[in-house]
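Student: Every position in the sequence shown, counted from 1, becomes a number in the numbering used here once 1185 is added. Just so it is clear, CB atoms sit at the ideal spot from N, CA and C, and this is done for glycine as well. The structure presented is a predicted model; accordingly, all values stated were derived computationally and were not measured. Structure provided below as structure tokens; questions to follow.
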Amino acid sequence: MVSIEKFIDGLCSIPEQDFTCDNVYRFIAGNPIDVDSIAPFFFWSKNFYTRNLIYRDERFELMALCWERGQVSRIHNHADQMCWMTVPLGKLRGQNFRVVEIDEGKAFCKLEETDTFDLSDCLAAKVELEEPIHQILNLSEFNQRAVSLHIYSKPFEKCLSYCRDTDSFKEVPLFYTSISGGLSSFQSLSRKAIQNSSLPKPFSSVVCTASKPRGRKYAVSSFNSAMPLTFIT
Ligand SMILES: [Fe+2]
């Protein structure tokens, strides 16, 4: 097991020309994270999974995503960036999709499920650039919280989100729930946006808590926050 500090040092020490999909995947697979070292970045919400920035530079960003039982991401892509993930706590299902039909001018896109994969116990995965559309799910049947670590290179602030009910897609902005263990300022920004939007009232205020895994409290820092406009893994 390695601490998050050593994990970040290791990633930063990879030479630019070697920061490839396969090399970073091998690095993640060979360096399982000590969960206690990332506990300060855990924030939980009953209404949505949370995106918590641990480290960011010009080359990559590293995030911990915290999933309550039953929470799922939107179907999304990763803006043509390289992406990797590992699940140090709990278990997550990945569902990949392929494009059956697309008309970009009309924001129309019909998707079809392809393969699925399950991640737990620090197993590593990478987003295949040939088939980059996917969804991450903490299925109710898994019956537990989960935490996933995500590395994106380069960092990106928007991506495409797909709706299968309407066979449509749109570009959406991305936000952090917390940055370096502290709630990010978007909370207040998005609260303002929510007040001016038509989002249903139950989404206008939620309570998040920061806690250590397996029920051990890290910090009793409940807070009120607005529903994030978009959360993407
Ligand atoms: Fe993703």
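1. Check whether the Cβ of Val1220 sits closer than 7 Å to any heavy atom of ligand 1, and report yes or no.
2. So within the segment 1220-1246, which uninterrupted alpha helix (DSSP H) runs reach at least 4 residues, ignoring any that extend past its ends?
3. Pull the bridge partners of Asp1288 from the DSSP assignment, please.
4. So for Asp1203, helix, strand or coil by DSSP?
5. Using DSSP's beta-bridge definition, name the partner residues of Thr1271.
6. Going by the CB atoms, is the gap between Val1332 and Leu1308 shorter than 8 Å?
7. Nearest-angstrom Cα distance between Gln1320 and Thr1362?
8. In whole angstroms, give me the CA-to-CA distance for Arg1254 and Leu1324.
9. Could you tell me whether any non-hydrogen atom of ligand 1 is closer than 7 Å to the CB of Ile1321?
10. Is there at least one Cβ from chain B nearer than 8 Å to Asp1221's Cβ?
11. Grab the span of the beta strand (DSSP E) containing Phe1354 for me, first residue to last.
12. Does the contact criterion of 3 or more C-beta pairs under 8 Å hold for the segment 1293-1304 versus the segment 1219-1239?
13. Taking DSSP as the reference, what is the three-state secondary structure of Lys1191?
14. Using a threshold of 7 Å, is the CB atom of Val1332 nearer than that to any non-hydrogen atom of ligand 1?
15. Verify the contact flag: Cys1427, CB atom, against every heavy atom of ligand 1, threshold strictly below 7 Å.
16. Please go through the same chain and pick out, in chain order, the residues whose beta-carbon is closer than 7 Å to the beta-carbon of Lys1295, but skip the five residues on each side of it.
Tutor: If we stick to the structure as given:
1. Here residue 1220 refers to the residue found at position 35 when the sequence shown is read from its first residue. Not one heavy atom of ligand 1 sits closer than 7 Å to the Cβ of Val1220.
2. Within the segment 1220-1246, the complete alpha helix (DSSP H) runs of at least 4 residues are 1220-1223.
3. The sequence position of residue 1288 within the sequence shown is 103, counting from 1. Within the DSSP bridge table, the entry for Asp1288 names Phe1293 as partners.
4. Indexing the sequence shown from 1 puts residue 1203 at position 18. Reduced to three states, the DSSP call for Asp1203 is helix.
5. What you label residue 1271 is simply residue 86 of the sequence shown in a count that begins at 1. Looking at the DSSP output, Thr1271 shares a beta bridge with Ala1309, Leu1334.
6. Your numbering for residue 1308 matches position 123 in the sequence shown. Your numbering for residue 1332 matches position 147 in the sequence shown. The criterion of a C-beta distance shorter than 8 Å is not satisfied by Leu1308 and Val1332.
7. Against the sequence shown, residue 1320 aligns to sequence position 135. Against the sequence shown, residue 1362 aligns to sequence position 177. Roughly 19 Å between the two C-alpha positions.
8. The residue given as residue 1254 occupies position 69 in the sequence shown. The residue given as residue 1324 occupies position 139 in the sequence shown. Roughly 7 Å between the two C-alpha positions.
9. Numbered from its first residue, the sequence shown carries residue 1321 at position 136. Yes, the beta carbon of Ile1321 sits closer than 7 Å to at least one heavy atom of ligand 1.
10. Note that chain B does not occur in the displayed structure, where there is just one protein chain.
11. If you number the sequence shown from 1, residue 1354 lands on position 169. Membership of Phe1354 in the beta strand (DSSP E) is indicated by the continuous run 1353-1358.
12. The segment 1293-1304 vs the segment 1219-1239: no contact.
13. For the purposes of this step, residue 1191 is taken as the residue at position 6 of the sequence shown. Helix, per DSSP.
14. Translated into the one-based positions of the sequence shown, residue 1332 becomes position 147. No; taking the cut-off as 7 Å, the Cβ of Val1332 has no heavy atom of ligand 1 nearer than that.
15. Absent from the structure is residue 1427, since the part of the chain shown begins at 1186 and ends at 1418.
16. Residue 1295 sits at position 110 when you count from the first residue of the sequence shown. So the qualifying residues of the chain are Val1285, Glu1286, Asp1352.
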